[in-house]
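Residue numbers (this note's numbering), protein chains in the order written: chain A, 181 to 473; chain B, 520 to 881; chain C, 348 to 655. Note sheet for the following structure.
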Amino acid sequence: MSEDLPTAVQIKNLTKTFPVPFKKEKVVAVDNLSLSVMPGEVYGLIGPNGSGKSTTMKVLLGLISATSGSSTVFGMSSTETASRGSVGFLPENPYFYKYLTGAETIAFYGKLCGLKRKVIKERTSELLNLVELEGARDRRLAGYSKGMLQRIGLAQALVGRPNLVVLDEPTAGVDPAGSRKIRDLIMQLKDQGITVILSSHLLEQVQEVCDRVGIIFEGKLVREGSLKTLIEIEDQTEIVLENAGSDLLKKITDLINQENGVNLIRSGRPRTTLETLFLKETGGESQDVRNES
Amino acid sequence: MSLAILVVFGFLKIPFESQTEQKLKDKGFRDWVPNMSAREQLTQASFIGAIGGFRSLVASIYDLRAHEAFRDKDWGSVERFRKVTTSLQPRFAKHWDLAAWDMAWNAYAYYRSKSEFSDDDLELWRIEKMIMPSYLEKGLSFAKEGAKWTPESYRLPMVIGDIYAQKYNNPKLASEWYFKSSQAKDAPSYIYRAYATQLAKCVGMEEEAYKVVSNLYNGGKVRTLTLRRDMERLEAYFVNKLVQSNSINELKEMVKKENSNYIIYDAIATHYLGEENNISLAVNAYRELVKNPKAPDFYRRKFALLIARDPANEERAYGLLKNMYLSTPQIFRRVDLIELKKIESNLNIPLNEKLIKSDASR
Amino acid sequence: MTVENNEPIDNELNSKFKLFSPSRVMAIAMNTFTQLVRMKVFYFLLIFSVLIIGANVLFLNFTFEQELKILQDVSFGAMTLFASIFSIVGTALLIPKDIEDRTLYSILTKPVPRFEYLIGKLLGILFLVAVSLVLMSILFFAVLFFRQHGILAEEINQMRGQPTAEQISSLKENIFAQGLRLELINGVVAVFLKAAVAAAIALVVSTFASSTLFTIIVSLVIYFIGHAQSMALDYYFPEGDMHGAFQRFIAGIVAIIFPNLQIFNVVDGIVSGQSVPMSLMFRLTGLTGFYLFIYSFVSWVLFAKKEL
């Protein structure tokens with residue numbers, strides 16, 4: 181049972197209601213929601229606007245208190261300030277103090293995490309390198325582009341070496357190259373064993389990086405599970421060939437037709453993604469084909 | 520819950536705050552209270568400013584307004600604005616000083632000059648009998664109120680003394696207030712002299728006046744002309760008393776006992792001059808007088824003028840007088856200068872060598 | 348997956364959470380300081396006040412006592428205006444701006460307790476007000492210094508004849524006694540203390556108010572009531588029993604809830620020559636400390652519950 185293994189995040193029977201002014205009834209934002217995220221996972225939280233996604237994240241981060249139910253981060257309740265010592269958060273449309281430079285921003289948040297001055301110095305350089313903003317380290321955030329702001333946001337989220345990183349729409353409004361970079365970073369985090377919770381509307385991107393996914397609708401968790409099992413179309417198989425001649429294809433098609441109960445649904449040229457084409461044409465990073473293991 | 524905290528804290532802080540308020544009152548920081556009468560005095564902005572911590576600034580503004588009103592000769596407004604400045608900052612002596620000055624000097628002088636040009640008898644009567652005295656009273660009341668508020672300062676009692684001395688011609692009250700003023704720590708030295716002068720003018724207080732004047736004359740650092748004149752006048756008074764109550768022989772007896780008391784010699788001389796007009800005996804008496812080192816220097820002038828009465832000695836006397844005049848002209852009173860002029864014309868002193876030229880007094 | 352991935356990476360940074368960290372508070376305070384320094388409100392008020400104090404050199408034509416007094420009145424007035432207005436407006440901006448810009452989330456999702464955030468903000472603005480007041484008083488004292496020396500020279504020129512050394516020194520003493528003196532520092536401190544309480548009031552209001560404008564208005568109202576509060580106190584403990592019981596009750600409530608800001612108005616007395624005993628200054632400072640503490644506490648109670 182998952183009860184025995186230590187979880188990164190454990191949300192149990194979370195309910196959150198908001199009172200409506202001047203009316204007796206309340207708005208139920210989250211309704212008896214339970215989910216857990218294991219350490220080292222990349223968990224995707226998806227759902228339409230107003231489904232309770234942000235509310236759930238806010239409870240997790242201690243910004244709101246639960247009406248009932250519990251939320252813990254690495255065993256510590258979300259209501260405790262100490263629990264945030266292991267969490268890094270990148271909000272949607274992040275906004276930081278405009279007059280600070282990139283390096284100063286990271287340093288500021290580093291101080292808030294309790295880092296000592298020497299450590300902050302090293303960490304700042306390290307992170308600026310990681311998010312590839314070394315060149316803009318002394319430029320004020322007022323002069324940053326959206327993508328740069330997103331990256332500096334990621335840097336401040338990571339400054340305290342958190343074991344859990346929560347990303348709210350990390351690639352919204354970012355151009356494909358930047359988007360790619362962010363996704364690569366997420367994979368790097370995963371390689372380091374850092375747990376990632378990510379919420380996004382861009383479902384293809386969620387599909388690319390997440391291990392598990394939870395779908396929230398009207399405050400309830402309606403579907404949850406590992407990505408593989410969720411979106412695999414169980415009864416279909418895909419085979420992709422390179423340099424196959426039409427003879428071979430004919431042979432294969434005949435083989436299929438001979439089997440009972442097996443239908444050829446589709447054959448033709450598989451499509452690459454527009455993103456890959458774009459990146460190829462604009463000198464973005466080389467395509468990183470996601471291999472299913 | 521938070522309201523409860525505020526209320527509890529509120530209860531706790533009240534005694535502390537009232538204590539602080541009391542301490543402030545004691546130290547004179549709460550002289551002005553924002554009550555209804557204060558509200559009536561001020562414009563709304565001024566009232567808010569006064570409450571809000573700008574009381575001194577508001578007072579300064581009204582000070583300026585009073586000055587403007589003074590230039591416009593709007594005495595009603597002057598009075599009104601001075602009432603405001605003095606009630607906003609009652610411990611600031613200058614406010615009261617200026618208020619009294621505006622009333623008892625400026626307004627008063629204005630109306631007095633108006634009265635000089637007035638044809639209308641009724642108007643004249645009104646100005647002289649009602650308006651002018653009322654402004655003196657207003658000035659006096661400002662000064663007295665101010666003196667109460669500034670007990671450590673010499674300034675307001677001095678102003679009161681000035682009003683009594685210059686406006687009411689009441690040397691008794693003037694001297695009392697000058698005395699009070701002189702006792703303050705910050706009193707300049709001339710206040711005590713003013714006290715002495717006013718005291719010397721009081722009829723019936725000659726003994727006391729003489730004590731004060733002679734102390735100043737002998738011990739003080741400065742001998743003003745007024746001091747010299749007062750000294751001479753008071754001594755002359757005592758001489759007169761002596762002459763009237765004693766016979767010449769009694770006086771001679773007295774002088775044997777108290778030969779340090781030089782006034783008696785003057786009395787003797789006066790006797791000789793009065794009854795027998797015996798100048799030479801009077802001169803002898805004076806000779807004894809001026810031997811006394813304590814005798815003030817104006818006696819030498821008196822001596823010389825006495826000698827000059829005898830035409831035979833006039834020229835010699837003139838020589839003495841000339842020296843005196845050139846070295847210490849301050850011992851010559853106006854009447855003495857007239858006498859000196861007469862002597863010069865008697866001796867036919869040429870014009871370019873005359874000490875007293877024409878009728879112009881010194 | 349290997350074993351080590353199951354356990355959280357335990358490094359020293361995570362386990363060292365301090366319940367109260369002065370360095371965190373200082374980080375927020377300095378951040379607030381720099382944030383406010385760049386705001387137009389600050390610049391406008393500062394330049395305005397500096398101009399006013401500087402303009403004192405234009406006031407001539409009065410007796411020297413009047414001139415020196417007006418100089419002090421106007422300078423203190425400018426400083427008071429600046430300090431009070433900026434304390435309220437600046438503080439009122441802080442939290443709503445952070446919420447609106449969502450920078451608040453970036454701070455509170457770090458291990459920063461909410462009360463540290465509040466205190467950091469308050470300290471930041473107090474520090475800025477203090478620094479500004481120091482700068483303004485330096486200018487004020489400089490102007491006063493030059494004027495009083497200028498006045499001395501003018502007065503000496505106007506004296507008839509050759510004034511003795513004694514006359515000069517007594518004139519100098521007279522002029523300087525109304526000019527630059529140590530007492531004035533007490534006045535500046537009192538201005539700061541009142542501004543500090545005003546900032547704390549604004550902090551409380553900003554934690555439950557929804558907009559900056561609302562916070563400013565309510566804080567200003569409280570500020571004004573605080574000045575009239577001592578009148579209410581007189582009502583409650585009347586010298587003569589002239590007022591009805593209900594009025595006294597209301598007045599009592601007013602006295603309890605609102606701070607008495609009149610006690611900080613010692614500048615009026617100082618300018619007219621009175622001096623404030625140190626014990627009184629200590630009292631005022633202590634009372635200010637109390638107010639800051641209580642208002643911070645109340646702000647925390649309100650803010651802790653706030654849904655963000």
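For glycine and all other residues, C-beta sits at the position ideal for the given N, C-alpha and C.
- DSSP places A:Gly249 inside the beta strand (DSSP E), whose first and last residues are 248-253.
- With a contact defined as Cβ atoms closer than 8 Å, A:Pro219 and A:Val267 miss out at about 13 Å.
- A contact is defined here as three or more CB-CB pairs under 8 Å, and the stretch 241-254 of chain A fails this definition with respect to the stretch 302-320 of chain A.
- Classified as exposed, A:Thr452 has fewer than 16 neighbouring CB atoms from the shown chains inside 10 Å of its CB.
- Listed as beta-bridge partners of C:Tyr464 by DSSP are no residues whatsoever.
- Counting only unbroken stretches of 3 or more residues, the beta strand (DSSP E) elements lying wholly within the stretch 363-415 of chain A are 375-379, 392-397, 400-406, in sequence order.
- Non-local C-beta neighbours of C:Leu398 in its own chain, meaning closer than 6 Å and more than five positions away in sequence, are absent.
- For the set B:Val809, B:Gln763, B:Thr789, B:Met750, the Cα lying nearest the Cα of B:Arg852 is the one of B:Met750.
- The bridge partners DSSP lists for A:Val189 are A:Val217, A:Val253.
- The Cβ neighbour count for C:Glu654, taken over all protein chains shown within 10 Å, is under 16; the residue is labelled exposed.
- Between C:Val372 and C:Glu463, the C-beta gap is smaller than 8 Å, which places the two residues in contact.
- The Cβ-Cβ distance between B:Asp582 and C:Gln525 does not fall below 8 Å.
- When DSSP assignments are scanned along the stretch 269-310 of chain A, the uninterrupted stretches of alpha helix (DSSP H) that are 4 or more residues long and fall wholly within it turn out to be 282-292, 297-310.
- Secondary structure at B:Lys740: coil, using DSSP grouped into helix, strand and coil.
- The continuous beta strand (DSSP E) containing A:Tyr223 extends over residues 222-226.
- With fewer than 16 other Cβ atoms from the protein chains shown falling within 10 Å of its own Cβ, B:Asn796 counts as exposed.
- Remark: C-beta atoms of B:Tyr784 and B:Glu807 approach each other more closely than 8 Å.
- By the CB criterion at 8 Å, A:Leu213 and A:Lys400 fall inside the cutoff.
- In the structure shown, B:Lys613 adopts helical secondary structure according to DSSP, grouped into three states.
- B:Met843 counts as buried, since at least 16 other C-beta atoms from the protein chains shown sit within 10 angstroms of its C-beta.
- It is roughly 11 Å from the alpha-carbon of C:Gln495 to the alpha-carbon of C:Lys416.
- Take C:Leu649, set aside five residues on each side of it, and the residues of its chain with a beta-carbon closer than 8 Å to its own are Val551, Thr554, Phe555, in chain order.
- Taking a C-beta cut-off of 7 Å against chain C, the contacting residues of the stretch 590-619 of chain B are Gln608, Arg610, Phe611, Lys613, listed in chain order.
- Here C:Asn403 is buried: its Cβ has 16 or more other Cβ atoms, across all protein chains shown, within 10 Å.
- Counting along the chain, C:Val552 sits inside no beta strand (DSSP E); it lies in the alpha helix (DSSP H) bounded by residues 530-555.
- Rounded to the nearest angstrom, the gap between the Cα atoms of A:Val299 and A:Met256 is 26 Å.
- With contacts defined as CB atoms closer than 8 Å, A:Arg317 and A:Leu329 fail to qualify as a contacting pair.
- Against C:Val613, the close residues of chain B are Leu543, Phe548, in the order they occur along the chain (beta-carbon pairs closer than 8 Å).
- Rounded to whole angstroms, the gap between the alpha carbons of B:Trp615 and B:Lys592 is 19 Å.
- Shortest Cα-Cα distance from B:Tyr714 to any of B:Asp705, B:Leu692, B:Gly723 involves B:Leu692.
- The alpha helix (DSSP H) runs of length 4 or more contained entirely in the stretch 736-782 of chain B are, from start to end of the chain, 744-764, 767-776.
- Of all residues in the stretch 618-631 of chain C, only Val618, Ser619, Gly620, Gln621, Ser622, Val623, Pro624, Ser626, Leu627, Arg630, Leu631 come within less than 9 Å of chain B when Cβ atoms are compared, listed by chain position.
- Here the alpha carbon of C:Pro458 sits roughly 22 Å from the alpha carbon of C:Val645.
- With its beta carbon at least 8 Å from every one in chain B, C:Glu530 lies outside the interface.
- Using a Cβ-Cβ cut-off of 9 Å, C:Leu634 is close to Lys532, Phe535, Glu536, Thr539 of chain B, given in chain order.
- When the alpha-carbon of B:Ala569 is set against those of B:Ser672, B:Ser606, B:Gln541, the nearest one is in B:Ser606.
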